[in-house]
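Sequence lines, in order, name chains A and B.
Under the numbering used here, the first residue of the first sequence is numbered -16, with each subsequent residue one higher.
Under the numbering used here, the first residue of the second sequence is numbered 2, with each subsequent residue one higher.
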Amino acid sequence: MTFLPALFRPSPSIRGPQLVSRTSTIVFCLIVLAVVIAVPICHSLPTEHPLYLGTFSVTLIGKFLTYAILALSVDLVWGYLGILSLGHAAFFGLGGYAMGMYLMRQIGDRGVYGNPELPDFMVFLNWDSLPWYWWGFDAFPFALAMVMVIPGLLAFVFGWFAFRSRVNGVYLSIITQAMTYALLLAFYRNEMGFGGNNGLTDFKDIIGFSLRSDSVRVGLFVASGMTLLACYLICASLLSSRLGRLVVAIRDSEDRTRFLGYPVDRAKLAVFTLSGMIAGLAGALYVPQVGIINPGEFAPLNSIEAVVWVAIGGRGTLYGAVVGALGVNAAKTWFTGAYPEAWLFVLGALFVVVTLLLPKGIAGLFSKRHEELAPKADHAESPTSLAQANPS
Amino acid sequence: MPLRLRRIFSSMLCLLCLWCPSLVLAQDSVATGDPELDPVFSAYVDGERNEALNRLAGLPRDDKRELLTGILEGELMLWKAESRVVRVKKDGRNYVIYDLATSEELDTVKKRRLSRLKLDNRVRSYLRDLIASLGLQSEVASERLLAVRALLSKPDSIERERIEQLIEAEADTQVLNALRAVRARQMIASNDPIEQRAGIDALAEDLSPDARRAIGEVANAPEDSEIAPDTREAAQLAMVIQQKAVDRFRMFETVFFGLSLGSVLVLAAIGLAITFGVMGVINMAHGELIMLGAYCAYGMQLLMPDSLALALLLSIPVAFIFTGAVGVLIERTVIRFLYGRPLETLLATFGISLMLQQLVRTTVSAQNVPVANPDFMSGTISFNPVFSLTLNRLYILAFCLLVFFLLLLLLKRSRFGLEMRAVSQNRAMARAMGVRSARVDAFTFGLGAGIAGIAGVALSQLTNVGPNLGQAYIVDSFMVVVFGGVGNLWGTLIGGMTLGVANKLLEPWAGAILAKVLVLVFLILFIQRRPRGLFPQRGRAAETH
């Protein structure tokens, strides 16, 4: 895999239209950079200025950006690899927990019980020493590595089992959902050592700086924006490489690709693991901005919501996923403030309308360019073949 | 100043005596309206309570047990104005008073016009013994049985000879067995080794906690006690046998709980087995259809608050028709555009599920609603002291099997079932044969939805009914269908029951949540090994996938 060089200079062996067009990548990068620069400037304006953005808004946009990263990871496996994962909340949540553990260790002796060795909830449960899996989380580099390693490891192990035994389609979706549901239940247990029902919260510092200060908030926003950019570039370069071609071939006809001799399982595993790591990174950026991580993040509903962002934005286009995540969440924030009763109606209706009328999402509305390579609405399963597969 | 105070006090006392002569009189004698009872209650009020109770128990009257129970329960009170002992019944804030002997209504008075007959714990236990021994002489076998059962926990309270006499005279087998059990308990407590041995043998079959404790006391008696070694051995052996029996019955109970959980899973999943298994539609709104069914049960109970049982029975067809109609509506408006695109039906139906949830929240309430259990649903069948089955779970298990077999019959033996299978196997060919496939699709989806509604009615008897009811079951239901093998109803039944029993077997040593996690992990691994479930589709149809 060659990443960045391949981005602007597709490898000569690849002919025909690109999966991710150069123009859209450049436009996307410029927009994100503009936002990353503009928001801190708006924040530093005097409060009465019409373009002033409060710390709350900055954090809110930062949160949306982490959702956009999650959407990117979902789109990578769903839009390009053809695996509908209903378990990406698991990777997001694990990344969040890894970051939360680091932030818990940063509290030190400033907790309610003032114990320098143990987080409050462990003191409360009468634990006398730190469990082994908490070791090392005092160090930021270690935590940062774990943020990607743990979700990546789960994705790897899960994918290795699933792809090797050719679980796919609906079955794969359902067992990914079972995976995140199992994690949800497991993390509710106090014995797990992750704060049970309440999760991890009451964070104070990150790498020595107070999480309450405005500059750290802006810093986290900038970090989210830059991470989104980096993840986008990684995905784009992956898709522009030969592996990208293979990935789309697998999506469109897995068996044929396999018979042609390509290492289908390895390609799927690599992309799925990468996607899990990106989702973990999103979770890690999410936690310091919202200030809490609890088992609720593993809820199957969250995974499905992420899938919906991608569906609405347009799967099979990277910028579509980002647009979907930002758009749906902005709408959610506005609706839950203005008409809290109506939000679920709107979201539900959006699901139905998008699947019925806009199978390619918002991106499909104004992009005719990638028609050849965009996912077919019903990949690999024509009505007859499905019906034949499921007789009573 | 102190002088004045004293004067005021004494004048108040005089007034009190003048105004309430009856209060003072009550100390001496009370009336009851029945000359036979007058001296008894006078003695009781005077403080000679045990003696009075003995006299009452000795009177040749039929209602003496009732009277004794009345004293114990506080139903007999002293009507201060008349200085008369009466039977009272609470009516709102007032008390209606009746004559003791004739039960004729006398008056309705405020509470302060009455005073309780005094009771202390010693008198209470004496009363209970008296009532119990009166029960032993009762003409009615069921009353005798109750009285003997009361003796089981305190066998010392009756003499040995009396028990032997009762055993001689008893004709009813149930009472006789209970009496023998009491005797065995007395024997085991005696000092005579032969007696003890006989008692142990008699109790070895008995699994009640008292019997096991009695044997355990002998088996674990300290070394220096007077118990003969072979008696001790016999007791230890009996204990082992008992423990085995208890373990066996506990196992039965666990399996029953597992089957009961399994039946709930099967009920929830069976509608999905149709929409998902037969039609290939991933209906994420299935949980919400279950929820709507549960709300149908709630609605019927609101309509008919006086006959809860009938309301529940009627809510089964109502829920079937209502949720079935909702299902047909969903199919006609959304699903029919999405056939052959299972992952897209997942998204669309998920949107529908969100809307249905919010609809219930706005129209009914965001809180849980109460659904009552009618009388016939509550209660237990007790086989022995360690093994009993709760009726509501038993009914739901039976109901689940009934629904399952009716559905199987419908699919395999009816015209509609035939058309349904034809359309799902080869739509084009079925259409060519004159099957109206669009109508069959709508009814098939409606059938799956209607069964979800029925499941909701059953679930309303077990769990809280609220807008989130469906979400709790949707993941489990999909697991059951996939585990059993998609498109196979028998697989759903066996899969659901297996998962239920596995869950309950794991629970004792893993805890409820961890058991669930373990089952989920097992399922994930199982699907890796056998991606098509327990009973995969065979033949050409399966290979095309």
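Where a beta carbon is used, it is the ideal one built from N, C-alpha and C, also for glycine.
Helix, strand or coil for ARG62/B per DSSP? As a working mapping, residue 62/B is identified with position 61 in the second sequence. If DSSP states are grouped into helix, strand and coil, ARG62/B belongs with coil.
Give the straight-line distance between the Cα atoms of ALA346/A and THR338/A, rounded to the nearest whole angstrom. In the first sequence, counting from the first residue as 1, residue 346/A sits at position 363. In the first sequence, counting from the first residue as 1, residue 338/A sits at position 355. If I take the Cα positions, the gap works out to 13 Å.
So, does the CB of LYS155/B fall closer than 8 Å to a CB anywhere in chain A? As a position in the second sequence, residue 155/B is number 154, starting the count at 1. False, the Cβ-Cβ gap to chain A never drops below 8 Å.
Integer Cβ distance of TYR85/A from PHE123/A, believed to fall under 8 Å: One-based indexing of the first sequence puts residue 85/A at position 102. One-based indexing of the first sequence puts residue 123/A at position 140. The pair is a contact, with the Cβ atoms about 6 Å apart (cut-off 8 Å).
Excluding five sequence neighbours on each side, which residues of the same chain lie with their C-beta closer than 6 Å to the C-beta of PHE42/B? Looking up residue 42/B in the second sequence gives position 41. Hits under 6 Å: VAL31, THR33, VAL86.
Let me know if HIS71/A comes out buried or exposed under the rule of 16 or more other beta-carbons within 10 Å of its beta-carbon. Here residue 71/A is taken as the residue at index 88 of the first sequence, counted from 1. It counts as buried.
Contact check, PHE125/A vs ARG88/A, beta carbons under 8 Å: Translated into the one-based positions of the first sequence, residue 125/A becomes position 142. Translated into the one-based positions of the first sequence, residue 88/A becomes position 105. For PHE125/A and ARG88/A, no; Cβs fall outside 8 Å.
Suppose the cutoff is 7 Å on Cβ atoms and the five residues either side in sequence are ignored; what does the same chain contact list for PRO99/A look like? Counted from its first residue, the first sequence places residue 99/A at position 116. Here the set comprises GLY91, ASP92.
Assuming PHE255/A contacts THR163/A under a Cβ cut-off of 8 Å, what Cβ separation, rounded to an integer in Å, is found between them? Residue 255/A sits at position 272 when you count from the first residue of the first sequence. Residue 163/A sits at position 180 when you count from the first residue of the first sequence. About 14 Å; that fails the 8 Å criterion.
Can you give the Cα-Cα distance for ASP130/B and SER158/B, rounded to whole angstroms? Indexing the second sequence from 1 puts residue 130/B at position 129. Indexing the second sequence from 1 puts residue 158/B at position 157. One C-alpha to the other measures close to 8 Å.
Out of TYR35/A, LEU59/A, VAL201/A, which has the shortest C-alpha to C-alpha gap to LEU221/A? Start at 1 with the first residue of the first sequence, and residue 221/A comes out as number 238. For the residues TYR35/A, LEU59/A, VAL201/A, the minimum Cα distance to LEU221/A belongs to LEU59/A.
Return the CA-CA distance between LEU146/B and ASN385/B, expressed in angstroms with no decimal places. As a first step, residue 146/B must be located in the second sequence, where it is residue number 145. As a first step, residue 385/B must be located in the second sequence, where it is residue number 384. About 16 Å.
Which residues in the same chain have their Cβ closer than 7 Å to the Cβ of GLN302/B, if we skip the five residues on either side of it in sequence? Locating residue 302/B in the second sequence gives position 301, where the first residue counts as 1. Excluding positions up to five away in sequence, the list reads LEU309, ALA312, VAL372, ALA373.
Measuring only between beta-carbons, confirm whether THR363/B sits less than 8 Å from chain A. Along the second sequence, read from residue 1 onward, the residue named residue 363/B stands at position 362. Interface residue, yes.
Can you look up ARG530/B in the DSSP assignment and give me helix, strand or coil? The count along the second sequence starts at 1 and reaches residue 530/B at position 529. Helix, per DSSP.
My output table needs one value for PRO36/B: the three-state DSSP class, helix, strand or coil. Position 35 of the second sequence, counting from 1, holds the residue named residue 36/B. The answer is coil: DSSP assigns PRO36/B none of H, G, I, E or B.
Excluding the 5 residues flanking LYS505/B on each side, which residues of the same chain have their C-beta closer than 7 Å to its C-beta? In the second sequence, the residue the question calls residue 505/B occupies position 504. THR255, PHE258, GLY259, LEU262, listed in sequence order.
Spatial neighbours of ARG149/A within its chain, please: C-beta separation below 6 Å, excluding the five flanking residues on both sides. As a working note, residue 149/A is residue 166 in the first sequence. There are no such residues.
Starting from ASN385/B, trace the beta strand (DSSP E) both ways and give me its first and last residue. The residue you call residue 385/B lines up with position 384 of the second sequence. Counting along the chain, the beta strand (DSSP E) containing ASN385/B begins and ends at 381 to 385.
Since THR38/A contacts ARG200/A with CB under 8 Å, what's their CB separation in whole angstroms? Residue 38/A sits at position 55 when you count from the first residue of the first sequence. Residue 200/A sits at position 217 when you count from the first residue of the first sequence. About 5 Å; that satisfies the 8 Å criterion.
Contacts of ARG149/A in chain B (Cβ-Cβ under 8 Å): Counted from its first residue, the first sequence places residue 149/A at position 166. Result: PRO532.
First and last residue of the uninterrupted beta strand (DSSP E) at TYR215/A: On the first sequence, position 232 is the one that residue 215/A refers to. Careful: TYR215/A lies outside any beta strand (DSSP E), inside the alpha helix (DSSP H) at 197 to 223.
Alpha-carbon to alpha-carbon, LEU410/B and LEU155/A: The count along the first sequence starts at 1 and reaches residue 155/A at position 172. The count along the second sequence starts at 1 and reaches residue 410/B at position 409. LEU155/A and LEU410/B: Cα-Cα distance of roughly 32 Å.
Chain-ordered chain B contacts of TYR116/A [CB-CB under 8 Å]: Here residue 116/A refers to the residue found at position 133 of the first sequence. Near TYR116/A there are no residues of chain B at all, since even the closest Cβ is about 17 Å away, more than 8 Å.
Could one say the Cβ of GLU31/A lies closer than 8 Å to chain B's Cβ atoms, at least one of them? Here residue 31/A is taken as the residue at index 48 of the first sequence, counted from 1. False, the Cβ-Cβ gap to chain B never drops below 8 Å.
Considering only DSSP beta bridges, list what THR391/B is partnered with. As a working mapping, residue 391/B is identified with position 390 in the second sequence. Paired residues: THR381/B.
Residue burial classification, VAL270/A (beta-carbon count within 10 angstroms, cutoff 16): Here residue 270/A is taken as the residue at index 287 of the first sequence, counted from 1. The residue is buried, with at least 16 neighbouring Cβ atoms inside 10 Å.
Does the beta-carbon of LEU252/A have 16 or more other beta-carbons within 10 angstroms, so that it is buried, or is it exposed? For the purposes of this step, residue 252/A is taken as residue 269 along the first sequence, with counting starting at 1. Buried: at least 16 other Cβ atoms inside 10 Å.
Taking its Cβ as the centre, do 16 or more other Cβ atoms sit within 10 Å of LYS91/B, making it buried, or is it exposed? To locate residue 91/B, count along the second sequence from 1; it is residue 90. By the neighbour-count rule (16 or more Cβ atoms within 10 Å), LYS91/B is not buried but exposed.
For VAL265/B versus LEU208/B, is the C-beta distance shorter than 8 Å? Here residue 265/B is taken as the residue at index 264 of the second sequence, counted from 1. Here residue 208/B is taken as the residue at index 207 of the second sequence, counted from 1. No. Outside cutoff.
If distances are taken between C-alpha atoms only, which option among GLN197/B, GLU289/B, ALA473/B comes closest to ILE228/B? For the purposes of this step, residue 228/B is taken as the residue at position 227 of the second sequence. Minimum Cα distance to ILE228/B is reached at GLN197/B.
Less than 8 Å between the C-beta atoms of ALA161/A and LEU521/B, yes or no? Within the first sequence, numbered from 1, the residue matching residue 161/A stands at position 178. Within the second sequence, numbered from 1, the residue matching residue 521/B stands at position 520. Cβ distance < 8 Å, so ALA161/A and LEU521/B count as in contact.
What are the residues in the segment 230 to 260 of chain B lying within 9 Å of chain A by C-beta distance? none
Close-in-space but distant-in-sequence residues of the same chain around SER56/A (CB under 6 Å, 5 per side omitted): On the first sequence, position 73 is the one that residue 56/A refers to. Correct list, in chain order: SER258, ILE261, ALA262.
I'd like to check one pair, THR350/B with MET285/B: are the Cβ atoms closer than 8 Å? In the second sequence, the residue the question calls residue 285/B occupies position 284. In the second sequence, the residue the question calls residue 350/B occupies position 349. The answer is yes: Cβ separation under 8 Å.
Among LEU268/A, ALA265/A, ARG228/A, LEU264/A, the one whose alpha carbon lies nearest that of ALA250/A: Walking along the first sequence from the start, residue 250/A turns up at place 267. The candidate whose alpha carbon is nearest that of ALA250/A is ARG228/A.
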